[in-house]
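**Q** From first to last, the protein sequence lines are chains A and B.
Each residue of the first sequence is one higher than the one before, counting from 16 in my numbering.
Each residue of the second sequence is one higher than the one before, counting from 16 in my numbering.
2 protein chains.
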Amino acid sequence: MNAPYKATKISEIGEFGLIDRLKNKISLYNNLTLKGIGDDCAVIKCQEKKEILISSDLLVEGVHFDTTYMSLAHIGYKSVIVNLSDVYSMNANPSQITISLAVSNKYSVEDLEKLYEGVNLAAKNYKINVVGGDVSASFSGLIISITVLGFQKKEKIIYRNGAKKNDLIVVSGDLGASYLGLQLLQREKTILDEHKLPKLALNDIEDKLKDYKYLIQRQVKPEVNLSAINFLKLNNIKPHAMIDVSDGLFADLNHICNESKLGFTLFEEELPIHQQTKNASLDFNIDHVLAALHGGEDYELLFTIDQKNKDIILKEKNLKIIGEIIPDSNKRNMIKKSGEEISLSKLGWDHFGKTN
Amino acid sequence: MNAPYKATKISEIGEFGLIDRLKNKISLYNNLTLKGIGDDCAVIKCQEKKEILISSDLLVEGVHFDTTYMSLAHIGYKSVIVNLSDVYSMNANPSQITISLAVSNKYSVEDLEKLYEGVNLAAKNYKINVVGGDVSASFSGLIISITVLGFQKKEKIIYRNGAKKNDLIVVSGDLGASYLGLQLLQREKTILDEHKLPKLALNDIEDKLKDYKYLIQRQVKPEVNLSAINFLKLNNIKPHAMIDVSDGLFADLNHICNESKLGFTLFEEELPIHQQTKNASLDFNIDHVLAALHGGEDYELLFTIDQKNKDIILKEKNLKIIGEIIPDSNKRNMIKKSGEEISLSKLGWDHFGKTN
Numbered sequence: 016m017n018a019p020y021k022a023t024k025i026s027e028i029g030e031f032g033l034i035d036r037l038k039n040k041i042s043l044y045n046n047l048t049l050k051g052i053g054d055d056c057a058v059i060k061c062q063e064k065k066e067i068l069i070s071s072d073l074l075v076e077g078v079h080f081d082t083t084y085m086s087l088a089h090i091g092y093k094s095v096i097v098n099l100s101d102v103y104s105m106n107a108n109p110s111q112i113t114i115s116l117a118v119s120n121k122y123s124v125e126d127l128e129k130l131y132e133g134v135n136l137a138a139k140n141y142k143i144n145v146v147g148g149d150v151s152a153s154f155s156g157l158i159i160s161i162t163v164l165g166f167q168k169k170e171k172i173i174y175r176n177g178a179k180k181n182d183l184i185v186v187s188g189d190l191g192a193s194y195l196g197l198q199l200l201q202r203e204k205t206i207l208d209e210h211k212l213p214k215l216a217l218n219d220i221e222d223k224l225k226d227y228k229y230l231i232q233r234q235v236k237p238e239v240n241l242s243a244i245n246f247l248k249l250n251n252i253k254p255h256a257m258i259d260v261s262d263g264l265f266a267d268l269n270h271i272c273n274e275s276k277l278g279f280t281l282f283e284e285e286l287p288i289h290q291q292t293k294n295a296s297l298d299f300n301i302d303h304v305l306a307a308l309h310g311g312e313d314y315e316l317l318f319t320i321d322q323k324n325k326d327i328i329l330k331e332k333n334l335k336i337i338g339e340i341i342p343d344s345n346k347r348n349m350i351k352k353s354g355e356e357i358s359l360s361k362l363g364w365d366h367f368g369k370t371n
Numbered sequence: 016m017n018a019p020y021k022a023t024k025i026s027e028i029g030e031f032g033l034i035d036r037l038k039n040k041i042s043l044y045n046n047l048t049l050k051g052i053g054d055d056c057a058v059i060k061c062q063e064k065k066e067i068l069i070s071s072d073l074l075v076e077g078v079h080f081d082t083t084y085m086s087l088a089h090i091g092y093k094s095v096i097v098n099l100s101d102v103y104s105m106n107a108n109p110s111q112i113t114i115s116l117a118v119s120n121k122y123s124v125e126d127l128e129k130l131y132e133g134v135n136l137a138a139k140n141y142k143i144n145v146v147g148g149d150v151s152a153s154f155s156g157l158i159i160s161i162t163v164l165g166f167q168k169k170e171k172i173i174y175r176n177g178a179k180k181n182d183l184i185v186v187s188g189d190l191g192a193s194y195l196g197l198q199l200l201q202r203e204k205t206i207l208d209e210h211k212l213p214k215l216a217l218n219d220i221e222d223k224l225k226d227y228k229y230l231i232q233r234q235v236k237p238e239v240n241l242s243a244i245n246f247l248k249l250n251n252i253k254p255h256a257m258i259d260v261s262d263g264l265f266a267d268l269n270h271i272c273n274e275s276k277l278g279f280t281l282f283e284e285e286l287p288i289h290q291q292t293k294n295a296s297l298d299f300n301i302d303h304v305l306a307a308l309h310g311g312e313d314y315e316l317l318f319t320i321d322q323k324n325k326d327i328i329l330k331e332k333n334l335k336i337i338g339e340i341i342p343d344s345n346k347r348n349m350i351k352k353s354g355e356e357i358s359l360s361k362l363g364w365d366h367f368g369k370t371n
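#1: Taking the DSSP output, what are the residues bridged to A/Lys12?
#2: Can a CB atom of chain A be found closer than 8 Å to the CB of B/Val146?
#3: Along the chain, which unbroken stretches of the beta strand (DSSP E) at least 3 residues long are found entirely within the segment 103-145 of chain B?
#4: Assuming B/Pro254 and B/Leu264 are in contact, meaning their beta carbons sit under 8 Å apart, how far apart are those beta carbons, in whole angstroms?
#5: Express the C-alpha separation of B/His303 and B/Ala243 in angstroms, rounding to a whole number.
#6: For B/Tyr84, which of B/Met349, B/Ile206, B/His270, B/Leu316 has the nearest alpha-carbon?
#7: Let me know the secondary structure DSSP gives B/Leu73 once reduced to three states.
#8: From the beta carbon of B/Ser360, is the nearest beta carbon of chain A less than 8 Å away?
#9: Ends of the beta strand (DSSP E) at A/Val9?
#10: Give the C-beta separation of A/Ser119 and A/Ser153 to the nearest angstrom, bearing in mind that I take them to be a contact with Cβ-Cβ under 8 Å.
#11: Ordered along the chain, which non-local residues of its own chain (more than five positions away) have a Cβ less than 6 Å from that of B/Val260?
#12: Got a sec, what are the start and stop residues for the beta strand (DSSP E) A/Gly32 sits in?
#13: Could you check how far apart the C-beta atoms of B/Asn181 and B/Ile340 are, in whole angstroms? I think they sit under 8 Å.
#14: Is any beta-carbon of chain B found at less than 8 Å from that of A/Leu49?
#15: Could you please tell me which residues of the segment 62-82 of chain A, in chain order, have their CB closer than 9 Å to any CB of chain B?
#16: Going by Cα to Cα distance, which pick from B/Ile69, B/Ile59, B/Ile67, B/Asp72 is closest to A/Glu66?
#17: Count Cβ pairs between the segment 79-94 of chain B and the segment 22-32 of chain B that sit closer than 8 Å; are there 3 or more?
#18: Are the C-beta atoms of A/Val32 and some chain B residue less than 8 Å apart?
#19: For A/Asp55 and chain B, any beta-carbon pair shorter than 8 Å?
#20: For B/Phe166 versus B/Leu68, is the C-beta spacing smaller than 8 Å?
#21: For A/Tyr122, which residues from the same chain have a beta carbon less than 8 Å from its beta carbon, with the 5 sequence-adjacent residues on both sides left out?
#22: For B/Asp189, does the count of other Cβ atoms within 10 angstroms reach 16, so buried, or fall short, so exposed?
#23: Count the other CB atoms within 10 Å of the CB of B/Gly311; is the residue buried (16 or more) or exposed (fewer)?
#24: Please determine, among A/Leu99, A/Thr23, A/Asp262, A/Leu183, the residue with the shortest C-alpha to C-alpha distance to B/Cys56.
#25: Is the CB-CB distance between B/Ile350 and B/Phe282 below 8 Å?
#26: Is B/Asn45 helix, strand or coil when you go by DSSP?
#27: Pick out the complete alpha helix (DSSP H) segments inside the segment 246-321 of chain A, 4 residues or longer, and give them in chain order.
#28: For the beta strand (DSSP E) that contains A/Val58, what are its first and last residues?
#29: Going by other Cβ atoms of all chains shown within 10 Å of its Cβ, with 16 needed for buried, is A/Leu195 buried or exposed?
#30: Against chain A, does B/Ile25 count as a neighbour if the rule is that its beta carbon must be under 8 Å from one of theirs?
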C-alpha cells in the first residue's frame with residue numbers, strides 16, 4: 016500500500032524553503048558547472064574553442080500540457096527534452112538548463128517535487144546540469160520556463176539555412192505518433208469529464224490504451240534520437256541543414272526551405288508512419304499522412320544531406336530518406352503514392368483541422 | 016494630438032507574425048552574437064579565457080508588476096534591468112538575454128511592441144543583445160521570463176560566499192526609495208479604483224506625485240549603478256562578496272552572511288536614505304529605517320571589502336560604508352543612533368508588515 020499522499024502548501028515553507036526542497040531533487044551530471052544554484056548567477060566553464068548555444072521555451076498549462084492525463088513527472092521530463100532537442104538539432108551538446116516556475120496555489124510542494132523528479136531524470140539521462148531558475152506565484156495554473164545552454168565548435172554547428180539544392184531530406188524516426196497519442200489522451204479526458212470519474216479511473220484508461228502504448232509514450236515521454244546523431248558522427252556525415260520536428264514535418268521543413276531559399280519534394284510512400292499511428296488514425300477518421308505531415312511534437316531530427324551520402328544513410332534503419340530539396344523555393348510539393356504531385360502549401364493545418 | 020491607438024489582436028497575425036513584429040523592435044548592441052533570433056538556438060561567441068554566467072527570472076503580472084500604474088515600456092525596461100543586475104552583482108558583464116512571454120488576450124500586438132520598446136531601450140543602454148525567446152498564450156495576464164548571459168574571467172567573479180571577518184559592508188546608493196515609490200503608486204491605484212476613474216486620471220496623479228519623482232523613478236525605471244562598478248575597477252578594489260539589493264538590505268546581507276558563515280553589524284546612522292524616502296515614510300507612517308532595511312528592489316550593489324580600502328571608498332560620495340562583517344554568524348545586529356545594539360533577526364518582514 017502507498018503511504019498517504021502528503022500535500023504541503025507552498026506558503027507553509029515559503030519561497031526559500033521551496034527552493035531548498037526542489038534543490039534536493041536535483042543532482043549534477045557533468046563537471047562543466049563551476050557554481051550551480053545558490054548565487055545571483057550560475058557560473059559555467061567556457062569550453063575551449065566552442066561556441067555557446069542558447070534557447071528558451073515557455074510551457075503553459077492548458078496550452079502546452081494538461082495535468083488531467085499527464086503526470087507532473089512526465090511534464091517535467093518532457094519540458095526538458097523539448098529544450099534539449101533544440102540544441103541537438105543544431106548539432107551541439109546541451110550541458111546546462113535553468114528552470115523557472117510560476118505556480119498557482121492548487122499545487123503542493125510535493126507536486127512540484129514530482130515535477131522536479133521528471134526534470135532530474137531527463138538531466139540524468141542526457142548528462143546535463145540544472146544550474147538555476149526562479150519560483151514565483153501564478154494566478155492560473157503552472158508555467159514552466161526553461162533555458163538551455165549547449166556548446167559546439169563553430170564549424171560543426173548546423174543551421175536551418177544551409178540546405179543545398181538536390182540535397183536528400185532525411186528524418187530520424189516515424190512521424191505523427193505523438194499527435195495521435197494526444198488525440199487518444201484528449202478523448203479519454205473527455206470521457207472522464209463527462210462521467211465525472213475520479214482521477215483513479217486513469218488506471219482503466221491505461222488498460223484501454225494498451226494497444227497504443229507507443230503513441231502515448233511518444234506524447235508524454237519523448238526522447239531525443241541520440242543514436243541518429245551518433246550514426247552521423249561515426250560516419251562523418253555533416254547535414255547541410257537541420258531542425259527538430261516540433262511544429263510538424265511540413266512546418267519544420269518550411270523553416271529549413273524558407274531560410275535556405277529553396278523548395279522541396281516529399282515522397283508520400285517514404286514517410287515513416289508507425290502501425291499504431293495508422294490504426295489510431297482509423298479510429299479518429301484522420302488521414303495518417305496528414306498526421307505525419309502536420310502532427311508535430313515528434314522531436315525527430317529532420318535534416319538535408321548531400322546525395323553522395325545516400326548509401327550510408329540507407330544502412331541505418333531508423334534514418335529515412337523522405338524527399339529532396341529543389342531549386343524552386345515556391346514549390347513545397349509531395350508526390351503521392353498514385354504518382355500525382357500535389358502542392359502541400361494548399362494542404363496545411365487548416366485543412367488538417369477540418370478532418371478531425 | 017496623438018494618432019488613434021491601434022489595437023491588433025495577436026490572433027490576427029499569429030505567433031510567427033507576432034515574433035516578426037517584435038523582432039523589428041530589437042537591435043543588436045554588441046558584436047558577440049553569431050546568430051540571434053531565427054533558428055532553434057542563438058549562437059554566441061565564447062569569450063576567450065572567460066567563464067559564462069547565467070541567471071533566469073520570471074515576472075508575473077499582479078505579483079511582480081501592475082499595469083494599472085506602470086507602462087508596458089517601463090515593465091519591459093525593468094524586467095531586463097532586474098536580470099542584468101544579477102550579472103553585474105557577480106562583477107561580470109551581461110551580453111545577451113532571451114525573453115519569453117505568456118500573454119492573455121487582453122493584450123494587443125501594439126501593447127507587446129511597447130513592452131519590447133522598453134526591452135530594447137535597456138538593451139541599448141547596457142549594450143546587450145536580445146538573442147531569442149518564445150511567445151505563448153496565457154490564461155491570466157502577462158508573464159515575462161528572462162534569462163541573461165554574462166562573461167567574466169574566473170578570478171574576477173565575485174560570489175556571495177567570499178566575505179571575510181572585519182570586512183567593511185558597503186552599499187552603492189540609497190535604500191528604501193523603490194519601496195516607498197511602490198506604496199505611492201499603490202495608494203493612487205486604490206484611489207483610481209475607488210472612484211472608478213479612467214486611466215487618463217493618471218495625469219492628475221503624476222501631478223500629485225511630483226514631489227516624489229525620485230521614488231517613482233526608483234520603482235518603475237531602476238538602473239544598475241555602473242559608476243560604482245567602474246569606480247571599484249579603476250581603483251583596483253575587488254570586493255570579497257557582492258550581491259544586488261533586490262530582496263532588501265537585511266535579506267540580501269543575510270544571503271552574504273549565510274553563504275560566508277559570518278555575521279554583521281550595521282550602523283543605523285550610516286544607512287543612506289533619500290530625503291524623499293523620509294518624507295514619504297512620514298505620509299505612510301512607516302519607519303524609514305525599516306524601509307531601508309526591508310524595502311527591496313533598490314538594485315544597488317551591496318559588497319564587503321577589506322578594511323585597507325576604507326580611505327578610497329570614502330572618496331566616492333555614492334559609496335557608503337554601512338557596517339562590518341563580524342565572526343559570530345548568529346549575530347545580525349544594528350547599532351542604533353542611540354548607541355543601543357539590537358538584533359535585526361527579530362525585526363524582520365513580519366514586524367515591518369505590521370507597521371504599514
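Even for Gly, the Cβ is constructed at its ideal location relative to N, Cα and C.
Remember, predicted model here, so these are calculated numbers, not experimental data.
**A** Reading off the structure:
#1: For chain A, the structure presents residues 16 to 371; residue 12 of chain A sits outside this window and is missing.
#2: As a position in the second sequence, residue 146 of chain B is number 131, starting the count at 1. It does; some Cβ of chain A falls within 8 Å.
#3: Runs found: 108-118.
#4: Numbered from its first residue, the second sequence carries residue 254 of chain B at position 239. Numbered from its first residue, the second sequence carries residue 264 of chain B at position 249. Cβ-Cβ separation between B/Pro254 and B/Leu264: approximately 16 Å, too far for a contact (criterion under 8 Å).
#5: The count along the second sequence starts at 1 and reaches residue 243 of chain B at position 228. The count along the second sequence starts at 1 and reaches residue 303 of chain B at position 288. Cα atoms of B/Ala243 and B/His303: separation of roughly 24 Å, rounded to the nearest angstrom.
#6: Your numbering for residue 84 of chain B matches position 69 in the second sequence. Answer by Cα proximity: B/Ile206.
#7: Your numbering for residue 73 of chain B matches position 58 in the second sequence. Shown here, B/Leu73 sits in a strand according to DSSP, grouped into three states.
#8: In the second sequence, the residue the question calls residue 360 of chain B occupies position 345. With 8 Å as the cut-off, B/Ser360 does not count as an interface residue toward chain A.
#9: What is shown of chain A runs 16 to 371, which leaves residue 9 of chain A out entirely.
#10: Your numbering for residue 119 of chain A matches position 104 in the first sequence. Your numbering for residue 153 of chain A matches position 138 in the first sequence. Between A/Ser153 and A/Ser119 the Cβ distance is about 5 Å, and since that is below 8 Å, they are a contact.
#11: One-based indexing of the second sequence puts residue 260 of chain B at position 245. If we look at B/Val260 and ignore the five residues flanking it on each side, its Cβ neighbours are Asp267, Asp313, Glu315, Leu317.
#12: On the first sequence, residue 32 of chain A is found 17 positions in, with the first residue counted as 1. Here A/Gly32 belongs to no beta strand (DSSP E); instead the alpha helix (DSSP H) covers 25-38.
#13: Taking the first residue of the second sequence as 1, we reach residue 181 of chain B at position 166. Taking the first residue of the second sequence as 1, we reach residue 340 of chain B at position 325. Between B/Ile340 and B/Asn181 the Cβ distance is about 6 Å, and since that is below 8 Å, they are a contact.
#14: Numbered from 1 along the first sequence, position 34 holds the residue referred to as residue 49 of chain A. Chain B contact via Cβ: present.
#15: Contact residues of the segment 62-82 of chain A toward chain B are Gln62, Glu63, Lys64, Lys65, Glu66, Ile67, Leu68, Ile69, Ser70, Ser71, Asp72, Leu73, Leu74, Val75, Glu76, Gly77, Val78, His79 (C-beta to C-beta distance below 9 Å).
#16: As a first step, residue 66 of chain A is located in the first sequence; it is residue number 51 there, counting from the start. Cα-wise, what sits closest to A/Glu66 is B/Ile59.
#17: They do not touch, by the three-pair rule.
#18: Looking up residue 32 of chain A in the first sequence gives position 17. First, the residue type needs correcting, since residue 32 of chain A is Gly and not Val in the sequence shown. So, not an interface residue.
#19: Indexing the first sequence from 1 puts residue 55 of chain A at position 40. Against chain B, the CB of A/Asp55 has a partner CB under 8 Å away; the residue lies at that interface.
#20: Within the second sequence, numbered from 1, the residue matching residue 166 of chain B stands at position 151. Within the second sequence, numbered from 1, the residue matching residue 68 of chain B stands at position 53. Yes. Within cutoff.
#21: Here residue 122 of chain A is taken as the residue at index 107 of the first sequence, counted from 1. Correct list, in chain order: Ile25, Leu157.
#22: Reading the second sequence from its first residue, position 174 is the one you call residue 189 of chain B. Result: buried.
#23: Numbered from its first residue, the second sequence carries residue 311 of chain B at position 296. The residue is buried, with at least 16 neighbouring Cβ atoms inside 10 Å.
#24: For this step, residue 56 of chain B is matched to residue 41 along the second sequence. Nearest option by C-alpha distance: A/Leu99.
#25: Position 335 of the second sequence, counted from the first residue, corresponds to residue 350 of chain B. Position 267 of the second sequence, counted from the first residue, corresponds to residue 282 of chain B. In this structure, the beta-carbon distance from B/Ile350 to B/Phe282 falls below 8 Å.
#26: Your numbering for residue 45 of chain B matches position 30 in the second sequence. Here B/Asn45 sits in coil by DSSP.
#27: DSSP assignment within the segment 246-321 of chain A yields the following whole alpha helix (DSSP H) runs of 4 residues or more, N-terminal first: 264-275, 290-299, 303-309.
#28: Here residue 58 of chain A refers to the residue found at position 43 when the first sequence is read from its first residue. Here the beta strand (DSSP E) through A/Val58 covers 57-59.
#29: Counting from 1 along the first sequence, the entry for residue 195 of chain A is found at position 180. Burial call: buried.
#30: Residue numbering aside, residue 25 of chain B sits at position 10 when the second sequence is read from its first letter. No, because no Cβ of chain A sits closer than 8 Å to the Cβ of B/Ile25.
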